[in-house]
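Residues 80 to 271 (the numbering used here) are what the sequence shown spells out, left to right. Don't be surprised by glycine CBs; every beta carbon is placed ideally from N, CA and C. Please read all numbers here as calculations on a predicted model, not as lab measurements. As structure tokens, the structure follows; a few thoughts come after it.
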Amino acid sequence: MATDRRGTLWLNSKTFSTSCDGFNALRDLKTAWNKLAKGEELTFNEEYACESLWHELTHNRQKPGDLGRGETPQRRVMEIFTQWTARRTYPRLLESLGGKAAHQKEILKKGYGYGRRIQNFDRLLDVLKIKEEDLLPEMLRLMDTVSTADYDDELKELLATLSGKEFMNIARALDKVDAFDFEEQLRLAALI
80 MATDRRGTLW LNSKTFSTSC DGFNALRDLK TAWNKLAKGE ELTFNEEYAC
130 ESLWHELTHN RQKPGDLGRG ETPQRRVMEI FTQWTARRTY PRLLESLGGK
180 AAHQKEILKK GYGYGRRIQN FDRLLDVLKI KEEDLLPEML RLMDTVSTAD
230 YDDELKELLA TLSGKEFMNI ARALDKVDAF DFEEQLRLAA LI
């Protein structure tokens, strides 16, 4: 799914077979709506389609900022920020539609979007000993008060404050959040 951040949404009709168990955003969202209307339980992929929609709706609620062109650090952190919070708050969307997030634990662990980034970010939080219940309200507060261009610095500062670790070490690790060798990046950042 995608959005122009002005209210327009695009739903991909491609079926991802190998790594995503046949996920098809358009099809799975349609079947999810129909099941929600009937009070039926959703499959993992249907629930994940709702989470993906919530991710895109969240982009539309954020204060826009200049993220630069291409894959910039600001864009990378903005997507982590959005995906991490969407996975923890999409149950609100389902509940408002009469449904329940039966697969949230599984989605938190193996949701498709930004997989490695989110796994590495969760690992960073684990190393910093930052609990979800402490971080989530602060990230939601930042989402309401600062532009997406400011997420990068604000998140690094927030993680430093909550963990008591050095800002520069956290910045070094977060800048490498896409790395396949993230454990090594954590060592290089003197966090483990």
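Assigned with DSSP and collapsed to three states, Phe259 falls in coil, not helix or strand. Taking the C-beta atoms as reference points, Arg140 is found no nearer than 9 Å to Leu146. The C-alpha of Val206 lies about 37 Å from the C-alpha of Leu105.
In summary, Phe102 is buried, with 16 or more beta-carbon neighbours lying within 10 Å of its beta-carbon over all protein chains present.
Closest by C-alpha distance to Asp213, out of Asp254, Leu237 and Asn199, is Leu237.
A Cβ-Cβ contact shorter than 9 Å links Thr168 with Trp133.
Residue Glu125 holds the alpha-carbon nearest to the alpha-carbon of Glu185 among Arg84, Thr240 and Glu125. Taking a C-beta distance under 9 Å as the contact criterion, Glu120 and Lys188 do not qualify as a contact pair.
With fewer than 16 other beta carbons inside 10 angstroms of its own, Thr224 counts as exposed.
From the listed residues Arg84, Lys109 and Thr151, the smallest Cα separation to Asp231 is found for Thr151. The beta carbon of Gly190 lies closer than 8 Å to those of Tyr127, Glu130, Gln162, Arg166 and Ile197 in the same chain, with the five residues before and after it left out. Shown here, Ser226 sits in a strand according to DSSP, grouped into three states. Of the candidates Glu263, Thr137 and Asp201, Thr137 places its Cα closest to the Cα of Leu88.
Here Met157 is buried. Its C-beta has 16 or more other C-beta atoms within 10 Å. Looking at Asp107, Lys114 and Glu135, the one whose alpha-carbon comes closest to that of Gly86 is Glu135.
Annotated three-state conformation of Leu146 is coil, per DSSP. With fewer than 16 other beta carbons inside 10 angstroms of its own, Ile271 counts as exposed. Under a 10 Å Cβ-count criterion, Asp107 is classified as buried, with 16 or more other Cβ atoms of the shown protein chains found around its own Cβ.
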